[in-house]
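Each residue of the sequence shown is one higher than the one before, starting from 7 at the first, in the numbering used here.
A quick write-up on the structure given underneath.
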Amino acid sequence: MAEATEELRPVPRERAILESFFTQLGMFSFDRAKDYVEKEKDGSSKAAGPTWAALLAALAHLAAAEKAYHHMTFLGQKMGSQSFFSRKDSIRTIYASLHNELRKVMTSGRHGQPGSASYLEDLLSHLSEQLCHFAQARTEMADLYEKMHSLAGQKSVNSEELVGTLEAVLHKYSSKFHHPILGRVEEGFQTEVDVVTQLLRCQAQVSEWRFLPALLSLHAATSKLAAWGQLFQRQKETRKHLFGGQSQKAAQPPHLYAWLQRFQAALLAKFSFYFHEALSRQAATAADMRALTARAAPDYHGKICSFIRKHDASNVSLVFDNRGSESFQGHGYHHPHSYREAPKGVEQFPAVVSLPSGERPLTHWPSVIMMMGDRAAELNAPDKVVHFYDDKVLSTYYLTRPEPHFTLVVIFDGRKSEKDAHIAGFLQEISGSLRNSKPFSSLKPGSKG
């Protein structure tokens, strides 16, 4: 009710300045927003009061903090690696300093002298209090990105644990900075957390081979990411040329948004591969399906088919170990209340993908399952390729495990060398790309992932 009353109070100039600043901030125009409030601070009259000047100074620092946050420049910083004069403050230090600055504005606004400008003091104090919560929320999200980046080298990641952390952050701060002037800030924060949550949830669901939940999570993330991206399409950057004249081009998204796009693309490619059989039922022809998967980056199906042709492989299969999975029902979508008896024996190890025929090689399957059990310790090691020649069926097997429940198997007729670098390299490339920690390495700007 108090905020509804505030809407009617006559604070046209200051309110217009604040709304313009937060609009620019919400559109990722960090430098423009910073320059804007700094000019306003330099040009504001003393009649506006010290609280107004202090808030403008804090907002300039907020714009700088937001730029560092969205460009992820804080990731991978090592304390003590730089001299005192050139040391970059950590993102936690930047937001902690901003938090203290905003608390001072909040306190001075509350203790302002009654008079004609008291409504402005109240507004500035109220906004500063909510921005204090925003600074804390940013710190917690930055901590999460630091943690995700540190997990890049691991063979598998507990995505559900990360989802739990994100849900706790959203619940904690969802109504903490709700003033209409902060609408763009609140919307951007919720969209970011929602997108990251849905992508990580999708990652966990794909790794459990759960088709419909993974599809819904991926669709939700993709839709929100596309809506968020429209902010860049509306913006134009004007560039002045050295010899006169100027040109305009679409503003470039910050690193965080670009990384979310890459993460989404990686999950889409993995989803298309793990659920290729279910998705191919929706395509009119096999050629149509190939055309669709060819757009994925990487195109796992196309890469494997090319490998089979080039090296004359008998079969390449991705095997799912569903032992202990209560929800397993097989390929594609199943009604949530449908009943299916738990699989037994070799049926506990279905082929998620089996190329080139689409059918798993039944004569080889017992040997594949036996090796998955006997060589489990080796397969669980990062980037390990297991080699085995079976003289009973005169076939060579190569196995690697991209993540806990999935094993990639290549079968050749006849004997193949354990030291064949092309085969081992191919398996390590595919396995490394499928690994659910891989995208986290590219969180840091300039990193490959």
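Just so you know, even glycine gets a beta-carbon here, dropped at the ideal spot from N, CA and C.
Checklist entry - Once you ignore the five residues that flank Gly86 on each side, which residues in its own chain have a CB closer than 8 Å to its CB? => result Its pLDDT being 45, under 50, Gly86 is placed unreliably by the model, and nothing is read from it.
Next on the checklist: On the DSSP letters alone, give me the boundaries of the beta strand (DSSP E) that Ser131 sits inside.
Outcome noted: No beta strand (DSSP E) holds Ser131; the alpha helix (DSSP H) holding it covers 124 to 156.
Checklist entry - How is Pro408 classed by DSSP in three states: helix, strand or coil? => result Three-state DSSP puts Pro408 in a strand.
Checklist entry - Going by the beta-carbon positions, is the gap between Phe217 and Ala284 smaller than 7 Å? => result Yes, they are a contact pair.
Item to check | Close beta carbons around Phe313, own chain, < 6 Å, minus the five adjacent residues each side | outcome: Phe432
Item to check | Distance between Pro362 and Asp200 (C-alpha atoms, nearest Å) | outcome: 38 Å
Checklist entry - What residue from Leu222, Gln136, Thr203 has the CA that sits closest to Leu188's CA? => result Gln136
Next on the checklist: If you measure between the beta carbons of Tyr403 and Phe412, is that distance less than 7 Å?
Outcome noted: no
Next on the checklist: With three or more C-beta pairs closer than 8 Å as the rule, is the region 417 to 436 touching the region 144 to 154?
Outcome noted: no
Item to check | Neighbourhood of Ser223 by C-beta distance below 7 Å, restricted to the same chain and skipping five residues each side | outcome: If we look at Ser223 and ignore the five residues flanking it on each side, its Cβ neighbours are Gln204, Arg207, Cys208, Gln211.
Checklist entry - Under 7 Å between the Cβ atoms of Leu108 and Ala70? => result no
Checklist entry - If you draw a straight line from the alpha carbon of Gly235 to that of Val391, how long is it in whole angstroms? => result 40 Å
Next on the checklist: Is it buried or exposed, Arg19, if we count other Cβ atoms within 10 angstroms and call 16 or more buried?
Outcome noted: exposed
Next on the checklist: Do Ser360 and Ser401 have their beta-carbon atoms positioned less than 7 Å apart in this structure?
Outcome noted: no
Checklist entry - By how many angstroms is the C-alpha of Phe281 removed from the C-alpha of Trp215? => result 8 Å
Checklist entry - Between the C-alpha atoms of Glu167 and Leu150, what's the straight-line distance to the nearest angstrom? => result Distance from the CA atom of Glu167 to the CA atom of Leu150, rounded to whole angstroms, is 11 Å.
Item to check | For Thr413, the three-state DSSP class (helix, strand or coil) | outcome: strand
Next on the checklist: Once the 5 residues before and after Ala271 are set aside, which same chain residues still bring their CB inside 6 Å of it?
Outcome noted: Ala303
Next on the checklist: Quick check: what's the CA-CA separation for Ala66 versus Pro219?
Outcome noted: Using only the alpha carbons, I get a separation of about 42 Å.
Item to check | Paired residues, beta bridge with Ala302 - DSSP | outcome: Its beta-bridge partners do not exist; DSSP assigns none.
Next on the checklist: Between the alpha carbons of Phe183 and Leu62, how many angstroms are there, rounded?
Outcome noted: 18 Å
Item to check | When Ala54, Lys73, Cys138, Gly82 are compared against Phe125, the one with the closest alpha-carbon | outcome: According to the sequence displayed, residue 125 carries Tyr and not Phe. Checked all of Ala54, Lys73, Cys138, Gly82; the closest Cα to Tyr125 is Ala54.
Item to check | 8 Å contact criterion, which Arg268 and Pro445 should meet: CB distance rounded | outcome: 7 Å
Next on the checklist: Alpha carbons only, please: which of Ala74, His177, Met78, Ser320 is nearest the one belonging to Thr369?
Outcome noted: Ser320
Next on the checklist: At 4 residues or longer, what runs of the alpha helix (DSSP H) sit wholly inside the region 46 to 85?
Outcome noted: 56 to 76
Item to check | Three-state class that DSSP yields for Pro451 in the structure shown | outcome: coil
Checklist entry - On the premise that Val374 lies in contact with Val460, defined as a C-beta separation below 8 Å, what is that separation, rounded to the nearest angstrom? => result Because residue 460 is not part of the residues shown, which for the chain are 7 to 455, the question remains open.
Checklist entry - Would the beta-carbon of Thr57 fall within 7 Å of that of Leu133? => result no
Checklist entry - In terms of DSSP beta bridges, what is Tyr395 paired with? => result Thr402
Item to check | Euclidean distance between Cα positions of Lys161 and Arg441 | outcome: 7 Å
Item to check | Contacts around Lys422, its chain only, beta-carbon distance under 6 Å, and the 5 residues preceding and following it disregarded | outcome: For Lys422, where only same-chain residues beyond five positions count, the Cβ hits under 6 Å are Thr402.
Checklist entry - Which first and last residues belong to the alpha helix (DSSP H) in which Leu221 is found? => result 217 to 239
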